[in-house]
Amino acid sequence: MKQIITLFFLTAFSVSSAQSIKSPDGNLVLTFKLTSDGIPAYKLGYKNYEVVKESRLGLKLKDMYANTGIDKLSPSAENVPSLDKGFVTSKVDSSIVDEIWHPVWGEVSSIRNNYRELAVTLLQPTQNNRQMIIRFRLFNDGLGFRYEFPMQDNLNYFTVADELTQFSLTEDHIAFWIPGDYDTNEYYYTKSTLSKVDATYATKVNEIFSKTIIGKNFVQSPLMMKTSEKLYINIFEAALVDYPAMHLEIDQSNFILTSHLVPDAVGNKAYMQTPCKTPWRTVIVSDKAADILASKTILNLNEPSKIDDTSWIKPMKYVGIWWEMHVGTASWNYANVNNVCLKSTDWKSLKPNGIHGATTERTKRYIDFAAKHGFDGVLVEGWNVGWEDWFGKWKEEVFDFVTPYPDFDVEEISNYAASKNVKMIMHHETSSSVTNYERRMDEAYDFMKKYGYPAVKTGYVARIIPRGEFHDGQWMVQHYVRVAERLAKNKLMLNAHEAVRPTGLHRTYPNWLACESARGNEFNAWSVGNPPEHETILPFTRLMGGPMDYTPGIFQIKMNYYNPDKKEQVHTTLAKQLALYVTLYSPLQMAADIPENYEKHLDAFQFIKDVAVDWDDTKYIEAEPGDFITVARKTKGKNEWFIGAITDENGRTAEIPLNFLDNNKNYTATIYADAKDAHWEKNPMSYEIINKSVTSKDVLKIILAPGGGCAIRIW
């Protein structure tokens, strides 16, 4: 059911008085006004709190011919006055929308989309009444707003130099942030006040392969904050489709955040042609941290599915040839040579290095393991020619995505997987040579269909080609969407790594199952790793925009198991690795460790086998960013619940009321918990498994070790 109520319509050609709307529950108040200079501005309040003080809006435009050497041939090439001031209000529309929609997959089976909208049409009289609409949508848990540009004679094709959107905050909030960077979001999070943000530390983070740091006082969105009055504020964006990603510049004296867009190769931010619109800017707010995690505002601001028949889209649980490369026991490359060329190298003549991971024999081992334990798929990285010497060389043609190494028999493997009812998952590392990938996509996707691969994991390691473009710029944002669209036409699913962080587009393209787009579990294998608090921050930041392929499930925690000289380790307990399957949501979950390690702990591995990847309901029981999270999820189509509870480096007791269970029904709970002597650093692989009978009246009290967690199945 969809209910739309139009509230009022106003026509006036003058600077208008302020316009205000309230959220459906009355707790949030949005006020829009034009200043005396005709500058659009807004403010946001929540209950008795001021969330965003009066903050300016607008765009700065640029002469698209500037510094290009192109002659200005017509008046349209002259410098264009910006869309930042001199406005009058032409029209104000307001409406209420209340509807229920059902995602193809997700944390819940139905989502309520309930908001009050205010659409303000602005004119610039000095620019022949050039028109811009600012559309606000106020939900019970937050605000979304965007700029819209109707088709008009006085504004057709234009270049955005900067977006002037501000978020003026009330004080020096505590923030959970990563450095502003045009090319990567694979940093660990820092907790500090806004005034203490210093992103220059990123210059010393050597394990990130491609980075372009903006400056000391720049951070990425989503930005999670907590006020002195214990109000939780999250600033982000939704529906990023044809525009660069938004970072935030911090005025560290006045606590004003200003949008900062990722530039292109010549320094411009975005190229627009009317009719067009920007992504939504979002402010999610609550006095309960768990409500931030439960918010569906980002999803609701995205368009409904563009895919009519979604029956082929299936959440998956998978294993794969991947972790052994990260721990150093296998390699992606087939031979240890340099100066190979995609076009001319005779790959069969190369001498194998003896540790290539993606062999026919090893892949069959994984297929057998998947079939035995009920997994849907097997991912294989390093199967295709080209891995020998591309890294760091900014090469144009590295992979063709259809030619396997001599020791990987695609047809034999595909037939073997089909005989075991296991699906193979394709891997396309583009080496960030994106023009090369775009030229080869059709052939690559036909290859996938020929051999029965329903999904692909894409990768964008290294610097982008076209040279000068960034991972998060407009050109690359358009590319990621093109990939999702092209895959959808071929009825194929997507898992994107090293891409721009998601902004809810999995509603529009439900074949886009997951992304990485943050610091994943693999960093624990070969770097300083992810601190124990990392996974308690990710749901408040990166996962606000969509599922993450974090690759949990590492059982062999310490890397000296593989090499006595290695000091690296996963910074969690084994029980916490299990809990991550519930706390870090994804419809595409990997059992990331190697089969041999699971076979040593089949009792704990049972949880990974049992845990669902699609849900009817989700309850965020307790949460505090950087400290702890406890969440319960109900399996799609079953009266079965899974609970995950995790903590940071501090041990704690999780109190879990089971009041979400059916009344007057007895359930069995299997609890995978930290043992009494467990500790993420000192004794990470110590766990215990407890079975007990529970009802809706019970409250579970479970001790979480430092860096630990617990995972529970209730049925």
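Counting in the working numbering, the sequence shown tops out at residue 1641, every number present.
Glycine included, C-beta positions come from ideal geometry on N, C-alpha and C.
Computed from a predicted structure; not experimentally measured.
### Residue interval of the alpha helix (DSSP H) (run including Pro-950)
Note, Pro-950: premise wrong, no alpha helix (DSSP H); not H, not E.
#### Entry: Length at least 3, wholly inside the region 1343-1399: the beta strand (DSSP E) runs in chain order
1349-1355, 1381-1385
### Query
For the candidate residues Thr-1579, Arg-1578, Leu-1584, Phe-1554, whose alpha-carbon lies nearest to that of Lys-1560?
Leu-1584
### Query
Would the region 1372-1387 and the region 1413-1432 be scored as touching if the rule is three or more Cβ pairs under 8 Å?
yes
### Query
What's the C-alpha gap between Ile-1582 and Ile-1210?
26 Å
### Task
With a threshold of 16 other CB atoms inside 10 Å of the CB of Gly-1312, please say whether the residue is buried or exposed.
buried
### Same chain, Cβ closer than 6 Å to Asn-1055, five either side skipped, listed in chain order
Leu-1049
### Task
Confirm, please, whether the CB-CB distance from Ser-1147 to Ile-1134 is below 7 Å.
no
### Closest residue to Tyr-1476 among Glu-1494, Met-1367, Gly-1446 (Cα-Cα distance)
Gly-1446
### Query
Do you know how far the Cα of Lys-1346 is from the Cα of Cys-1636?
33 Å
### Query
Which same chain residues, not among the five before or five after Ala-1261, have their C-beta less than 7 Å away from its C-beta?
Leu-1276, Lys-1277, Pro-1278, Asn-1279, Glu-1314
### Task
Please list, in chain order, all residues of the same chain as His-1432 whose beta carbon is under 6 Å from its beta carbon, the five residues on each side excluded.
Trp-1438, Gly-1472
### Through-space distance from Gly-1070 to Val-978, alpha-carbon basis
13 Å
### Query
Can you list, in chain order, the residues of its chain whose CB lies under 6 Å from that of Ala-1191, leaving out five sequence neighbours each side?
Gly-1394, Glu-1395
### Message
I'd like to know if the region 1140-1159 and the region 1097-1117 are in contact, where contact means that at least 3 CB-CB pairs between them fall below 8 Å.
### Response
yes
### Message
For Ile-1629, which residues in the same chain have their Cβ closer than 6 Å to its Cβ, ignoring the five residues on either side in sequence?
### Response
Thr-1579
### Task
Under the assumption that Lys-1011 contacts Gly-971 (Cβ atoms under 8 Å), give the Cβ distance between them as a whole number of angstroms.
Their Cβ separation, rounded to whole angstroms, is 25 Å, which puts Lys-1011 and Gly-971 out of contact at 8 Å.
### Query
With contact counted as at least three CB pairs below 8 Å, one residue from each stretch, are the region 1114-1130 and the region 1094-1106 in contact?
yes
### Task
Give the range of the alpha helix (DSSP H) segment to which Asp-1519 is assigned.
Counting along the chain, Asp-1519 falls outside any alpha helix (DSSP H), and DSSP gives it neither H nor E.
### Message
If the criterion is Cβ atoms closer than 7 Å, does the pair Pro-1465 and Leu-1219 meet it?
### Response
yes
### Message
In whole angstroms, give me the CA-to-CA distance for Phe-1449 and Glu-1459.
### Response
14 Å
### Query
Expressed to the nearest angstrom, what Euclidean distance is found between the alpha-carbon atoms of Ile-1059 and Leu-1413?
33 Å
### Message
Contact between the region 1484-1494 and the region 1162-1180 is defined here as three or more beta-carbon pairs at a separation below 8 Å; is this criterion met?
### Response
no
### Query
Exposed or buried, which one is Asp-1079 when buried takes at least 16 other CB atoms within 10 Å?
exposed
### Query
For the candidate residues Tyr-1593, Ala-1215, Asn-1228, Met-1516, whose alpha-carbon lies nearest to that of Pro-1428?
Asn-1228
#### Entry: Cα-Cα separation between Asp-1088 and Met-1350, rounded to whole angstroms
44 Å
### Task
Report yes if the C-beta of Asp-1333 is less than 6 Å from at least one heavy atom of the ligand ADP; otherwise report no.
The model on display carries no ligand, and the ligand ADP is accordingly not part of it.
### Query
Can you find at least 3 beta carbon pairs, one from the region 1506-1515 and one from the region 1601-1609, that sit closer than 8 Å?
no
### Query
What do you get for Trp-1641, buried or exposed, if any count of 16 or more other CB atoms within 10 angstroms of its CB means buried?
exposed
### Query
Is it buried or exposed for Pro-1392, if we count other Cβ within 10 angstroms and need 16 for buried?
exposed
### Message
Mapping the DSSP letters down to three states, classify Asp-1335 as helix, strand or coil.
### Response
coil
### Task
Could you check what DSSP says for Asn-1226 in three-state terms: helix, strand or coil?
helix
#### Entry: For Ser-1619 and Val-1348, the rounded distance between their alpha carbons
35 Å
### Task
For the alpha helix (DSSP H) containing Leu-896, list its first residue and its last residue.
For residue 896 there is no data in the structure shown, the boundaries of the chain being 927 and 1641.
### Query
What are the boundary residues of the beta strand (DSSP E) that Arg-1063 is part of?
1056-1065
### Message
Beta-carbon within less than 6 Å of Trp-1567's beta-carbon, same chain only, minus the 5 sequence neighbours each way: which residues are those?
### Response
Ala-1558, Lys-1560, Ile-1640
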